[in-house]
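Visitor: If you're matching positions, the sequence shown starts at 44 in my numbering and goes up one per residue. Positions of the beta carbon are idealized from the N, C-alpha and C atoms, including for glycine. Pasting a structure below so you can have a look.
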Amino acid sequence: MGSRLGRRVVNFANLPIKLLMPSSFSNITEISLKTIPSASKIEIKRVLESLYGFEVEKVQTLNMDGKKKKRGGLLIAKPDYKKAYVTLKNPLSISRDLYPIRMIEEEKKNMSKKSKSSIVDDEPKKMHWLDEKRDMRSSSERRFSRGRDREHGGERSSDVGAAAAKFPWSSTRSYAPR
C-alpha cells in the first residue's frame, strides 16, 4: 500500500535518534536531534510522526564532522553525524526529570563538600609514640640529644602557635645556622 502512495513505509525504523537538550523545558516548538549521516529529512519526519506521534512541520539538517584528536601519533576520530532541527506544529512540554542535570549538580556539590581537606580543621593533633618517650627523658639526656633544643635557641614543633598548627608545614622544624 505504501508503494502506491509514492511513500516509503517505515515499519521498523533502524534510525538511531538522540535528543539534544533543549534550552527550556516548556513550550518547545523546535527540537534538535543527532542521527546517522545517511538519514534523510523525510525519514526523520516519518519516524518522528509514526513512532513518537509528533506532528512535524519541517525538518532542517546539517552534516557534522566528528571530532578528531591526535594521541601519540594516532588519529582518533569520533564518527560523523547528522544534526536535525525539527519544527513541531504543536508546542511540546517535557518533564525536567528526563535530563538528570539537577541531580548531577547536587552530587557534584556533595562530593566537593566531602573532599575538602581535613588538614585545615581545628582537630587535636595526634601524638607520635616517640614524642611521648622524648618528653620522659631526663634533663641530662636532653643536653646530649641530637638536633637543637630550646636552651640553644632552637624551637620545637610543639612550641609553634595554635594558629600556625593548622597548616601542614608548621610542624616542620626550621634549622637556622648557629
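Going by other Cβ atoms of all chains shown within 10 Å of its Cβ, with 16 needed for buried, is LEU117 buried or exposed?
Guide: Mapped onto the sequence shown, residue 117 falls at position 74. It is exposed - the Cβ of LEU117 has fewer than 16 other Cβ atoms within 10 Å.
Visitor: Is the beta carbon of PHE119 sitting closer than 9 Å to the one on LYS125?
Guide: In the sequence shown, counting from the first residue as 1, residue 119 sits at position 76. In the sequence shown, counting from the first residue as 1, residue 125 sits at position 82. Checking the displayed sequence, the identity of residue 119 turns out to be Ile instead of Phe. No, Cβ-Cβ distance for ILE119 and LYS125 is not below 9 Å.
Visitor: Buried or exposed, going by whether 16 or more other CB atoms sit within 10 Å of the CB of ILE85?
Guide: Within the sequence shown, residue 85 is the residue found at index 42, counting from 1. So ILE85 ends up on the exposed side.
Visitor: Does any CB atom of chain B fall closer than 9 Å to the CB of MET146?
Guide: Among the chains of the structure shown, chain B does not appear; only one protein chain is present.
Visitor: Thinking C-beta only, is LEU58 closer than 9 Å to ILE79?
Guide: As a first step, residue 79 must be located in the sequence shown, where it is residue number 36. As a first step, residue 58 must be located in the sequence shown, where it is residue number 15. Against a cut-off of 9 Å, the Cβ pair of LEU58 and ILE79 comes out as a contact.
Visitor: Which word fits ILE147, buried or exposed, when buried means at least 16 other C-beta atoms lie within 10 angstroms of its C-beta?
Guide: On the sequence shown, residue 147 is found 104 positions in, with the first residue counted as 1. Exposed, since its Cβ has fewer than 16 Cβ neighbours within 10 Å.
Visitor: Compare the beta carbon distance of THR72 and VAL99 with 9 Å and say whether it is the shorter of the two.
Guide: By one-based count along the sequence shown, residue 72 stands at place 29. By one-based count along the sequence shown, residue 99 stands at place 56. Cβ atoms of THR72 and VAL99: not closer than 9 Å.
Visitor: Look at the alpha carbon of GLY109 and the alpha carbon of MET64, and state the distance between them as a whole number of angstroms.
Guide: Position 66 of the sequence shown, counting from 1, holds the residue named residue 109. Position 21 of the sequence shown, counting from 1, holds the residue named residue 64. Distance between the alpha carbons of GLY109 and MET64 is about 19 Å.
Visitor: Could you spell out where the beta strand (DSSP E) holding SER93 opens and where it closes?
Guide: Here residue 93 corresponds to residue number 50 of the sequence shown, with the count starting at 1. Counting along the chain, SER93 falls outside any beta strand (DSSP E), though it belongs to the alpha helix (DSSP H) covering 84 to 93.
Visitor: Less than 9 Å separating the beta-carbons of LEU135 and ILE87?
Guide: Taking the first residue of the sequence shown as 1, we reach residue 135 at position 92. Taking the first residue of the sequence shown as 1, we reach residue 87 at position 44. Result no, Cβ atoms of LEU135 and ILE87 do not sit closer than 9 Å.
Visitor: So, are the CB atoms of GLN103 and ALA82 less than 9 Å apart?
Guide: Taking the first residue of the sequence shown as position 1, residue 103 is located at position 60. Taking the first residue of the sequence shown as position 1, residue 82 is located at position 39. No. Outside cutoff.
Visitor: Distance, Cα to Cα, LYS61 vs HIS171?
Guide: In the sequence shown, the residue the question calls residue 61 occupies position 18. In the sequence shown, the residue the question calls residue 171 occupies position 128. Whole-angstrom Cα-Cα distance: 59 Å.
Visitor: Could you pull out every residue in the same chain whose Cβ sits closer than 7 Å to the Cβ of ASN153, ignoring the five residues on either side in sequence?
Guide: Counting from one through the sequence shown, the residue named residue 153 turns up at place 110. Answer for ASN153: no residue qualifies.
Visitor: To the nearest angstrom, how far is it from the Cα of SER67 to the Cα of GLU92?
Guide: In the sequence shown, counting from the first residue as 1, residue 67 sits at position 24. In the sequence shown, counting from the first residue as 1, residue 92 sits at position 49. So the alpha carbons of these two residues sit roughly 22 Å apart.
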